[in-house]
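Notes follow the structure.
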Amino acid sequence: MATEHDELPQPFAGEHPFAPYVRILGRGRHGSRSLSRAEARHAMGMILRDEVDPVQLGAFLMLMRVKEESPDELTGFIEAVREQAEPPEGLSVDIDWSSYAGKRRHAPWFFFSVLLLAEAGFRVFIHGAEGHTPSRTYLTGVMADFGFDTAENWSSVSRELDEQGFSYLPLSRFAKRLAELIELRPILGLRSPVHSLSRLINPLDAPLVMQGIFHRPYSGLHQAAGENLRYPRVAVIRGEGGEIERAPDKPLRVYRAWSNGSDSGADEERWPPFFERRQPVPEAIRTEEMLAVWRGDASDEYGEAALVSTTALALYEAGRCDSQSEALELASALWAGRDRARFDSAPVAA
Numbered sequence: 001m002a003t004e005h006d007e008l009p010q011p012f013a014g015e016h017p018f019a020p021y022v023r024i025l026g027r028g029r030h031g032s033r034s035l036s037r038a039e040a041r042h043a044m045g046m047i048l049r050d051e052v053d054p055v056q057l058g059a060f061l062m063l064m065r066v067k068e069e070s071p072d073e074l075t076g077f078i079e080a081v082r083e084q085a086e087p088p089e090g091l092s093v094d095i096d097w098s099s100y101a102g103k104r105r106h107a108p109w110f111f112f113s114v115l116l117l118a119e120a121g122f123r124v125f126i127h128g129a130e131g132h133t134p135s136r137t138y139l140t141g142v143m144a145d146f147g148f149d150t151a152e153n154w155s156s157v158s159r160e161l162d163e164q165g166f167s168y169l170p171l172s173r174f175a176k177r178l179a180e181l182i183e184l185r186p187i188l189g190l191r192s193p194v195h196s197l198s199r200l201i202n203p204l205d206a207p208l209v210m211q212g213i214f215h216r217p218y219s220g221l222h223q224a225a226g227e228n229l230r231y232p233r234v235a236v237i238r239g240e241g242g243e244i245e246r247a248p249d250k251p252l253r254v255y256r257a258w259s260n261g262s263d264s265g266a267d268e269e270r271w272p273p274f275f276e277r278r279q280p281v282p283e284a285i286r287t288e289e290m291l292a293v294w295r296g297d298a299s300d301e302y303g304e305a306a307l308v309s310t311t312a313l314a315l316y317e318a319g320r321c322d323s324q325s326e327a328l329e330l331a332s333a334l335w336a337g338r339d340r341a342r343f344d345s346a347p348v349a350a
């Protein structure tokens with residue numbers, strides 16, 4: 001009986017074991033093809049185990065970039081990463097929230113959405129990477145300004161989830177090799193499949209995976225991979241700056257995938273814009289201004305609409321609310337009832 005290994009491409013005599021994967025992608029317009037799910041899983045497993053020559057790695061990533069990954073390829077890559085992530089048993093969360101893009105135009109108002117969701121009783125696990133794209137504001141820096149550290153390991157993730165309802169574990173602390181691949185972007189000059197697959201790892205098997213992407217064509221890719229992985233619910237949006245943050249001055253389309261164990265599927269839903277016209281972009285991102293909005297000392301029409309609508313989206317996708325209007329009403333109430341003095345002693349207030 002044939003096994004999965006028997007179906008994998010075999011190297012020619014004297015070839016490196018990874019050479020067949022480069023060959024499959026690089027045969028040219030009429031000879032190349034996409035990898036199967038099993039091939040993608042095996043190829044990424046070799047990469048994560050450092051069984052690939054650096055020249056092969058660069059060629060593989062850039063050939064994949066030119067071709068663009070298929071849903072089966074992305075699914076196989078994610079499965080390989082999940083096999084090696086090794087999170088502890090019994091650590092449960094409600095929402096998986098990835099943060100890899102960083103913000104360039106608007107402040108990361110979604111951070112306040114995470115705080116509101118935690119206050120509402122959700123356990124939110126955040127994972128991400130930073131510094132790979134210049135001139136962007138990453139979540140870790142904002143968290144530090146507001147007095148929050150990133151988690152060191154799974155034990156501190158568990159403790160922070162119990163104490164504050166959310167925790168951020170950098171990718172480098174649970175998938176080091178994957179984080180190293182993301183750091184290749186300044187060297188290669190282009191993003192690679194790693195930037196897509198990292199958002200869908202869901203290492204703690206959260207029932208809701210929130211996804212923010214920047215390039216619209218990737219919406220369907222992430223949706224299809226989420227369905228392949230049979231996650232209970234995946235909600236993909238074209239987020240502001242590529243983060244999980246609703247741009248309130250634009251219509252929102254949610255690309256959803258779902259699985260209930262015996263069945264799975266995909267669908268879409270639209271949310272209307274908050275504003276009739278595009279809102280101005282601030283000159284700079286300043287956490288001091290975010291603090292002033294949290295305290296109620298200043299108002300930011302765009303920022304408050306962004307955080308309320310992002311919170312509403314998560315509430316709706318998590319099943320806390322049955323309609324968009326109900327979710328927006330609850331999100332607005334959570335924002336109105338926040339502890340405005342919570343960050344009076346935070347570094348940003350000094």
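In the UniProt record's numbering, the protein residues as written are 1 to 350.
Glycine residues also receive a C-beta, built at the ideal position from the N, C-alpha and C atoms.
Keep in mind that this is a model prediction, so the values were computed, not measured.
Closest to His30 by CA distance: which of Lys67, Pro9, Val55 is it? Ranking Lys67, Pro9, Val55 by CA distance to the CA of His30 puts Lys67 first.
If Gln211 and Ile237 are in contact, beta carbons under 8 Å, what's the gap, nearest whole angstrom? Rounded, the Cβ-Cβ distance is 7 Å, consistent with contact.
8 Å CB neighbourhood of Arg277 in its chain, flanking five on each side removed: Result list for Arg277: Asp249, in chain order.
Just checking, does the segment 58-77 make contact with the segment 194-207 on the three C-beta pairs under 8 Å criterion? Touching, per the Cβ criterion.
Determine, using beta carbons only, whether Ala327 and Ala312 come nearer to each other than 8 Å. At a Cβ-Cβ threshold of 8 Å, Ala327 and Ala312 count as neighbours.
Keeping to the same chain, check which residues put their C-beta closer than 7 Å to that of Ala2; ignore five residues upstream and five downstream. With a pLDDT of only 39 at Ala2, under the threshold of 50, the placement of this residue in the model should not be trusted, and no figure is reported.
What would DSSP say about Ser32, mapped onto helix, strand or coil? Coil at Ser32, not helix or strand.
State the Cα-Cα distance for the pair Phe174 and Gln164, rounded to the nearest angstrom. Taken atom to atom, the span from the alpha-carbon of Phe174 to that of Gln164 is near 21 Å.
In the DSSP assignment, what residue or residues form a beta bridge with Ile213? Bridge partners of Ile213: Arg238.
Whole-angstrom C-beta distance between Ser34 and Ser70, which should lie under 8 Å: That belief holds up - the Cβ atoms of Ser70 and Ser34 are roughly 4 Å apart, short of 8 Å.
Apart from the five residues just before and just after Gly296, which ones in its own chain have a Cβ nearer than 7 Å to its Cβ? Cβ-Cβ distances below 7 Å link Gly296 to Arg340 in the same chain, with the five nearest sequence neighbours on each side left out; the list follows chain order.
So does the segment 16-31 actually touch the segment 56-65, counting three or more Cβ pairs closer than 8 Å? Three or more beta-carbon pairs separated by less than 8 Å link the segment 16-31 to the segment 56-65, which places the two stretches in contact.
Residue interval of the beta strand (DSSP E) (run including Phe166): Here the beta strand (DSSP E) through Phe166 covers 166-170.
Taking Phe125 as part of the beta strand (DSSP E), name the residues at either end of that continuous run. Phe125 -> beta strand (DSSP E) spans 124-128.
N-terminal and C-terminal residue of the alpha helix (DSSP H) that Ala38 is part of: Ala38 -> alpha helix (DSSP H) spans 37-48.
With DSSP as the reference, label Ile24 as helix, strand or coil. For Ile24, the secondary structure class from DSSP, reduced to helix, strand or coil, is helix.
Under the three-state DSSP convention, the category Ser70 falls into: Residue state, collapsed to three classes: coil.
Out of curiosity, what's the CA-to-CA distance linking Ala298 and Glu130? CA-to-CA, the gap between Ala298 and Glu130 works out to about 29 Å.
Separation of Asp267 from Pro251, as counted between CA atoms: Distance from the CA atom of Pro251 to the CA atom of Asp267, rounded to whole angstroms, is 17 Å.
Which of the three DSSP states is assigned to Ser325 in this structure? Correct three-state label for Ser325: helix.
In its own chain, which residues sit with a C-beta less than 7 Å from the C-beta of Ala314, not counting the 5 before and 5 after it? Here the set comprises Ile95, Ser113, Leu117, Met210.
So, is His215 buried or exposed, given that buried needs 16 or more other C-beta atoms within 10 angstroms? Note on His215: under 16 other CB atoms within 10 angstroms of its CB, so exposed under the neighbour-count rule.
Where does Arg49 land, buried or exposed, given buried means 16+ other C-beta within 10 angstroms? Exposed, because fewer than 16 other Cβ atoms sit within 10 Å of the Cβ of Arg49.
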